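Take a look at the structure set out below.
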Amino acid sequence: KLREDDVHVAPTITPASSSSSSSSSNSNSRSVPNSAELSVVDGRTRRYSRISMIIIYGREALCILALLLTTYATIQNTPPKIAKAPPPVPFFSKGSFVSDWPTGSLGTTQTRVSVSELSFVLYYAPWCAESQFAREAYEAVARQYNLVAHFSAINCWQPGGECRQRYPKVQSWPILMAYGPNVAIQYHQAAWSAASLSRWLLSLLSPVERFVNAGVLMERMTGKDAVIVAYVEMTGDNKFYQRYYQAALKWLEKDPFQEVAFGVVTGQSASMFGVETVPSIRLYLWNETIEYVGKESWTPQDMVTWINKQLQVVSMWIAPPGSTKSATIAPALKQGPVLFLFTPRSLYTEFDDSTDAYMMLRQLSMQYYNCAEDNWVQEMAREYIADQRVLGSERYFYKQQECERILGRHPSQEDDADPLRAGRGRREAFKSTVSVSFVNVLNSSKFVDGRKHGAKGDRSEGYCEAAPAPRGDDGSCPDGCGTFGPERKPSLRWRGQQTEEEQDECFAKMPSAQSESVQSSRIDATHDYRGPHLLSKQYLRRQCELMRLAENDGTYRFFPEAGERNETNAALDTISGLACKHNKTLTFYSMDSTLYHAFAERLGVDVLREPNRTVAFIVDPEAESTYALRAPINLASLTGFLHGYYNRSWPRFLRSGSTSYAHTHRFNVTKFKQQDERLLAEHRTRLLNQKAEAKRKAKPDNTDGGNAHPEATKPLNTVPGAFAPREYHSIREIYSANFHRVVLDSNRTVVVNFYSTHCAFCSIMSNYLLRISRLLRHQPLLEFVRIDGDRNDLGWEY
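Count the sequence shown with UniProt numbering and you get residues 1 to 798, in order.
Here it is, written out as structure tokens:
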């Protein structure tokens, strides 16, 4: 149908007579269009053609635009411009004994390491907080031992540096490496303190100690978790000793403080230890001896693997690193209850194998695990370790007096040491009353060669002389030279009853391995700085300096017994073999209270404020209970603590959130309100002063001598309603210390909200309780309080 605005055709009248002609013309008009129809078709065609042209041109334009954008993006696809890193600055102070390389270069350090006998390299990142914390300790150790080892530090984070390019995948900083001849050892301890680094350095300097007699071995067994001894010959090929030495160095990666001691016995001295086959290695544990059978495979890795497999201890020091605390302590807690002894740990000095508190813990644990009632273990715990503790305290005070004399003079003014005094000091270490044969118990033990031997009755046979008594030139021994154990058999130690003159005469007759004079490489050995005379004086001065540092740290602590030895031994007998008499077996751990005081704080005690900074805990995860010993620590109190735990007579320790700590801070609502009030008052005073100053400047001068605006002279803070005081409404915080007094002993209805800072629902509920308490704040016999369940322990009824 055509629209009227397309064509306008005038109406026509066709006569009737011409109907036939019209029908014929109509048939022709259907086949041939008229002019009006043609004009309509032309209009449509032009309109469609214009639209199609717009579409075609638009497509072409879009294609051209896309091509142009692609070409532009291709031309501009250059690498992004990166600003140059700021120039590196030295990480250590000027004049430091540490060779710092902030640019990250490795060439000079590698050259120096290759020519040094012992070198330490600290790889750090200057932005890392751990690196900044370790810097002070590392620099202090370098200041002490700069003549012993070489100390370097490399910035391994500097972009474009050689260290960054060589080690791009390092994920944590800092990394401390020790380099020696054909060995590289990494420091895995998390404690970045001067004492820890100093002890690790001393361990690297002397990883193996020579045992000249059985007495030295026994002294190490009292303070160490285990002792490994290699019996080798040094006259011929010493390849076995070299491999053993490499194994001792490799072990320091796992045990940087030498809790497992490595010793060596050479030559004919092996016969004093009851060893017939050389070379051989024996591992001396607290109750047995295990021999290494792989004589053909003396490789460092095999020996370290064997030690890991055979090592069993009754107690141990633990030092959990920052990233794996749960992995260190959680396995022991899953097995059963754990006894934690927090006490200062002395790491500076090397003449003390262990602290007095840890030796006391060893006494307790050895008696606790002595299920078979072994005479050797019992006498070791009751007599020998006790004597060593007394001797350690006496030796400390004697050393303190000697160091006052040595450090009070210049090194060139020091007198020569008295050999008789030194010999008498060594003899003091020999005083003991252990009467069990050393070789019989240790070398003929239950697992001497990895297989089980004999029963309990076999341990009392086969006494042989571990430390022979002194004899004269004619082979006879004076009456006072030595004492014997039961049945007149040689004892492990001798103790004479004669005077000091007789003792000196007796010991002078003893053959000495150092009686021969040492020939020096220089003409005047007295002034040779590498000679034995000056080296011994330097060693004594170094020990005194380390002892002074330990005294400044307060790590020397002694715990004397309150009663007699018999009373203490009787208390020890009450816990003998408890490990096999109950279903719960304790694990004994000791932690340094100076470094890991946060663990004790999480248990609810500020150990830094306790006497001697020492406290004991028993954590029972199955019973969800913690028990604490805060009384004066000694062997008798520890024994009573352990006995009371098994008898269920020791009260459960309840933590309280009201305990304040010196190094751990938490959010305090009361202090927050006080601080907010103080800041608000200061802000109000500042505003009042500003307004008073502005009004004083804008006040017009009064010609009558009076004040034009007397109200302006009145202080604004005295005007009522100038500032409305802020009204606080909060719920009172209570703790386990005052829970009974507030909730049970009061005559009011108390609504208690138990919450946790990590609970999202608790936060929502606290808001509702806060609104309700605000609405009901005028009720005198109703009170709303809250208590943190994570920081406070209550009785089981709550």
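Ideal Cβ placement from N, Cα and C applies to all residues, glycine included.
Given the structure is predicted, the values throughout are model-derived calculations rather than measurements.
Taken through DSSP and simplified to helix, strand or coil, V170 comes out as coil. For F342, the closest alpha carbon among the candidates K695, R602, K94 is that of R602.
For the pair S131 and A140, the CB atoms are not nearer than the 7 Å cut-off.
Of all C-beta pairs linking the stretch 179–187 to the stretch 231–244, fewer than three are shorter than 8 Å, placing the two stretches out of contact.
With a cutoff of 7 Å on beta-carbon distance, L339 and L534 are scored as not near each other.
Listed in chain order, the beta strand (DSSP E) runs fully inside the stretch 544–595 are 587–592, counting runs of at least 3 residues. Taking C-beta separations shorter than 7 Å and ignoring five residues to either side along the sequence, the partners of E561 in its chain run T568, N634, L635, A636, following chain order. Per DSSP, W796 is not a residue of any alpha helix (DSSP H), being assigned neither H nor E. The beta carbon of S52 is closer than 7 Å to none in its chain, skipping five residues each way along the sequence. Remark: C-beta atoms of C371 and G577 approach each other more closely than 7 Å. Boundaries of the alpha helix (DSSP H) harbouring E130: 129–144, taken from the DSSP string.
With 16 or more neighbouring CB atoms inside 10 Å of its own CB, K224 falls in the buried class. Secondary structure of Y123 (DSSP, three-state): strand. A381 carries a helical assignment under DSSP once its states are collapsed to helix, strand and coil. In terms of Cβ geometry, G107 and G161 do not form a close pair [threshold 7 Å]. For H643, the enclosing alpha helix (DSSP H) has its first and last residue at 635–646. In the three-state reduction of the DSSP assignment, M218 falls in the helix class, which pools H, G and I. Classified as exposed, L782 has fewer than 16 neighbouring CB atoms from the shown chains inside 10 Å of its CB.
When C-alpha distances from S93 are compared across E136, V750, G563, the shortest belongs to E136.
Between Y231 and I175, the C-beta gap is not smaller than 7 Å, which leaves the two residues out of contact. Under the three-state reduction of DSSP output, E677 falls in the helix class. Residue E545 holds the alpha-carbon nearest to the alpha-carbon of G408 among Q388, L770, E545, F91. Distance from R786 to N753 at the Cβ level is roughly 4 Å; contact confirmed, criterion being Cβ atoms closer than 8 Å. For G107, no beta strand (DSSP E) run applies; the uninterrupted alpha helix (DSSP H) run containing it begins and ends at 107–115, by DSSP.
Secondary-structure assignment with DSSP links R732 through a beta bridge to V785.
Here T555 really is in contact with R345; their C-beta atoms are around 6 Å apart, less than 8 Å. DSSP lists S625 as the beta-bridge partner residues of D620.
Shown here for Y369: same chain residues with a beta carbon closer than 6 Å to its own, the five before and five after excluded, namely V314, A579 in chain order.
Along the length of the stretch 178–246, whole alpha helix (DSSP H) runs at least 4 residues long occupy 194–205, 214–223, reported in chain order. Straight across, the Cα-Cα distance linking A319 with L347 is about 13 Å. For R602, the secondary structure class from DSSP, reduced to helix, strand or coil, is helix.
In the structure shown, the three-state DSSP call for S99 is strand. The Cβ atoms of V229 and R143 lie no closer than 7 Å to each other. Taking 7 Å as the cut-off, the beta carbon of T685 is found no closer than this to the beta carbon of F653. Annotation note: the stretch 50–84 contains no uninterrupted alpha helix (DSSP H) run of length 4 or greater.
Distances from the CA of Q367 to each of L642, E394, G336 were compared; the closest alpha carbon is that of L642.
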